[in-house]
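Novice: In the working numbering, the protein residues as written are 11 to 152.
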Amino acid sequence: MTTADEAAQVITNYYFAPVEGEVWPVDLEVFDTQAAARWPDYESSDERDPDLEFTYTRSADGAQRSAWYHPQRGIGLPGYGAVEAAEFVSWFLDLLPAETKVLFNNDVAIEDGDYDDHVVPGSMGLRPIAEAFASHLAEHLA
Numbered sequence: 011m012t013t014a015d016e017a018a019q020v021i022t023n024y025y026f027a028p029v030e031g032e033v034w035p036v037d038l039e040v041f042d043t044q045a046a047a048r049w050p051d052y053e054s055s056d057e058r059d060p061d062l063e064f065t066y067t068r069s070a071d072g073a074q075r076s077a078w079y080h081p082q083r084g085i086g087l088p089g090y091g092a093v094e095a096a097e098f099v100s101w102f103l104d105l106l107p108a109e110t111k112v113l114f115n116n117d118v119a120i121e122d123g124d125y126d127d128h129v130v131p132g133s134m135g136l137r138p139i140a141e142a143f144a145s146h147l148a149e150h151l152a
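See the structure below:
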């Protein structure tokens, strides 16, 4: 069985969503403005059809990343490791009211038949979030 430490190194697509029937109170313009303030080289697509697609460079390692955001549909992070995804969603949680639940899943789990959404342990900080993502991923790796 794959350990959580090994799973943390696996690159997959992560998905985050509001609870069904809810909409995050961060519209596309606010998200765009906050992301531009966080990442100096942040760039977003001029088209918002209906998602905001964007790229940015991680300060920790200089890696360029792309993603999409929509307040009702959620966030898509293609090609991320557990720690990278946790860093991004930890930043995003700071934009939301404290009681807001954020659900997550990833491609590996979905391909393994796990269609359930799991709650991000938001109030606990970056490390527990990364550990939750890695542990969840490890459960679905052969």
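Cβ coordinates follow ideal geometry from the N, Cα and C atoms, glycine included.
On a predicted model such as this, the values are computed, not experimentally measured, just so you know.
Suppose you measure from the CA of HIS146 to the CA of ALA119; what does that come to, to the nearest Å?
Specialist: Approximately 8 Å between the Cα atoms of the pair.
Novice: If distances are taken between C-alpha atoms only, which option among PHE143, ASP127, LEU151 and ALA17 comes closest to VAL29?
Specialist: When each option's Cα is compared against that of VAL29, the closest is ASP127.
Novice: Would you kindly check if the distance between the Cβ of ALA96 and the Cβ of ALA140 is under 8 Å?
Specialist: For ALA140 and ALA96, yes; Cβs fall inside 8 Å.
Novice: Looking only at C-alpha atoms, which of ALA73, PRO50, ARG48 and LEU38 sits nearest to ASP56?
Specialist: It is LEU38 whose Cα lies nearest to the Cα of ASP56.
Novice: Quick check for students: name the residue ranges of the beta strand (DSSP E) that lie wholly in the stretch 86 to 144, counting only runs of 3 or more.
Specialist: Listed in chain order, the complete beta strand (DSSP E) runs (minimum 3 residues) inside the stretch 86 to 144 are 112 to 116.
Novice: Quick check on DSSP: helix, strand or coil for ARG58?
Specialist: Strand.
Novice: From the DSSP output, which residues share a beta bridge with TRP78?
Specialist: DSSP output for TRP78 lists GLU63 and GLY86 as bridge partner(s).
Novice: So for THR13, helix, strand or coil by DSSP?
Specialist: DSSP places THR13 in coil when its eight states are reduced to three.
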